[in-house]
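This report refers to the structure that appears directly beneath it.
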Amino acid sequence: MSLSKMDLTGKVALVTGGGRGLGRGMALALAEAGADVAVASRTLSVLEKTAQEIRQRGSRSLALPTDVSRVDQINKMIKDTLDEFGRIDILVNNAGTVIRKPSLEITEADWDKVVNTILKASFFCAQAAAKVMIKQKKGKIINIGSLTSVRGLPRIIPYVASRGGILQLTKGLAVEWAPYKISVNAIGPGYFKTQQTASLFADKEWVKKTVARIPLGRIGIPQDLAGVVVFLASEASDYITGQMIFVDGGWLAAL
4 MSLSKMDLTG
14 KVALVTGGGR
24 GLGRGMALAL
34 AEAGADVAVA
44 SRTLSVLEKT
54 AQEIRQRGSR
64 SLALPTDVSR
74 VDQINKMIKD
84 TLDEFGRIDI
94 LVNNAGTVIR
104 KPSLEITEAD
114 WDKVVNTILK
124 ASFFCAQAAA
134 KVMIKQKKGK
144 IINIGSLTSV
154 RGLPRIIPYV
164 ASRGGILQLT
174 KGLAVEWAPY
184 KISVNAIGPG
194 YFKTQQTASL
204 FADKEWVKKT
214 VARIPLGRIG
224 IPQDLAGVVV
234 FLASEASDYI
244 TGQMIFVDGG
254 WLAAL
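Taking my numbering, I'd label the letters of the sequence shown as residues 4 to 258.
See the structure below:
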């Protein structure tokens, strides 16, 4: 295989939740592979910093303040990306949130916030992007799951339900959109230190126990997702669809 299949020059990527953490890391990786990258999240100031880092890598970028739990804002995000770049080749559905509390204390508002930000948003972002990709006769959609896509964990039930839904959403859309040459895959990160997991990593005993269960012996860093997101966004993965690739240091394999 020629390494040119991993080259994203001339492609346009849109990364939700792209201002910080894993989303920022994936946005920068796509830019380093040659893509122009639009980044979306709620906070413009954070997005602008990431957009500037993308431009420093020689790619064009656009910062799009967006609440992806709202379909009207999703549609505007897609329109603004098209207006700026003229196409969308790659969508990374990375936006997410988590609420940590016992399931007996979860409110309707808690449930809606998490499920709408992760599962609802991933579907409607994919739907809007697919309408563009069908006209282009090809596209790559990359959803973000987690270990909880396949494993149950307590005190984050709306999150677990949403990430489990992402796995089935990925499979269903992959089958339905295959005739349009749209690949739909997912990445399942393991334990990474991000804003969402900061409270966990403040517990040094928890960190020690968690690292001990990871065969590769360390917590993930954003750069660990760079290779897989570029692979799934590129021609190198054209015969792969409906899959979730776990990037977890071997955590699931060791269970």
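The beta carbon of each residue, even a glycine, is placed where N, CA and C say it ideally should be.
Closer than 9 angstroms to chain D by CB, A236: Among the protein chains of the structure shown there is no chain D, as only one such chain exists.
Which of helix, strand or coil DSSP assigns to F147: Walking along the sequence shown from the start, residue 147 turns up at place 144. Strictly speaking, residue 147 in this sequence is Ile, with Phe absent from that position. Strand.
Residue environment, S202, which counts as buried when at least 16 other CB atoms sit within 10 Å: Taking the first residue of the sequence shown as position 1, residue 202 is located at position 199. It is exposed - the Cβ of S202 has fewer than 16 other Cβ atoms within 10 Å.
Contacting residues, own chain, Cβ-Cβ under 8 angstroms from W254 (five flanking each side not counted): On the sequence shown, position 251 is the one that residue 254 refers to. Taken in chain order, the residues that qualify are L150, G193, Y194, R216, I217, P218.
Collapsed DSSP secondary structure at A16 in the structure displayed: Here the question's residue 16 lines up with position 13 in the sequence shown. Reduced to three states, the DSSP call for A16 is strand.
S48, enclosing alpha helix (DSSP H) - first and last residue: Translated into the one-based positions of the sequence shown, residue 48 becomes position 45. Unbroken alpha helix (DSSP H) run through S48: 47-59.
Residues bridged to N96 [DSSP beta-bridge criterion]: Your numbering for residue 96 matches position 93 in the sequence shown. Answer is N146.
Close Cβ partners of N78 (< 7 angstroms) along its chain, the five nearest in sequence each way excluded: For the purposes of this step, residue 78 is taken as the residue at position 75 of the sequence shown. Hits under 7 angstroms: A131.
Secondary structure of D113, DSSP reduced to three states: Reading the sequence shown from its first residue, position 110 is the one you call residue 113. Reduced to three states, the DSSP call for D113 is helix.
Same chain only: Cβ atoms within 6 angstroms of V232, ignoring 5 sequence neighbours per side: Working through the sequence shown from its first residue, we reach residue 232 at position 229. Hits under 6 angstroms: M29, A32.
D251 (DSSP reduced to helix, strand or coil): Counted from its first residue, the sequence shown places residue 251 at position 248. DSSP places D251 in coil when its eight states are reduced to three.
Own chain partners of G223 with C-beta closer than 7 angstroms, once the 5 adjacent residues on each side are dropped: Position 220 of the sequence shown, counted from the start, is the residue given in the question as residue 223. P192, G193, Y194, F195, V250, G252, listed in sequence order.
Helix, strand or coil at V42 according to DSSP, with G and I counted as helix: In the sequence shown, the residue the question calls residue 42 occupies position 39. Three-state result, V42: strand.
For V233, the three-state DSSP class (helix, strand or coil): Sequence index remark: in the sequence shown, residue 233 carries index 230 (1-based). Three-state result, V233: helix.
Boundaries (first-last residue) of the beta strand (DSSP E) holding N188: Against the sequence shown, residue 188 aligns to sequence position 185. N188 -> beta strand (DSSP E) spans 185-192.
CA-to-CA distance, S152 to L65, given in whole angstroms: Sequence index remark: in the sequence shown, residue 65 carries index 62 (1-based). Sequence index remark: in the sequence shown, residue 152 carries index 149 (1-based). Each residue's Cα considered, the two are about 31 angstroms apart.
Helix, strand or coil at S64 [DSSP, three-state]: Taking the sequence shown and counting its residues from 1, the one referred to as residue 64 is at position 61. S64: strand per DSSP, three-state reduction.
Backbone secondary structure at G155 - three-state DSSP: For this step, residue 155 is matched to residue 152 along the sequence shown. G155 falls in the coil class under three-state DSSP.
Coil, strand or helix - G37 by DSSP: The count along the sequence shown starts at 1 and reaches residue 37 at position 34. Of the three classes helix, strand and coil, the one that applies to G37 here is coil, per DSSP.
Residue from R90, P68, G89 whose Cα sits closest to the Cα of A98: Locating residue 98 in the sequence shown gives position 95, where the first residue counts as 1. Nearest of R90, P68, G89 to A98, Cα basis: P68.
Length of the line joining the Cα atoms of R103 and I160: For the purposes of this step, residue 103 is taken as the residue at position 100 of the sequence shown. For the purposes of this step, residue 160 is taken as the residue at position 157 of the sequence shown. Their backbone Cα atoms lie some 8 angstroms apart in a straight line.
Presumed contact (8 angstroms Cβ cut-off) between A236 and I145, rounded CB distance: The residue you call residue 236 lines up with position 233 of the sequence shown. The residue you call residue 145 lines up with position 142 of the sequence shown. Confirmed, Cβ separation roughly 7 angstroms.
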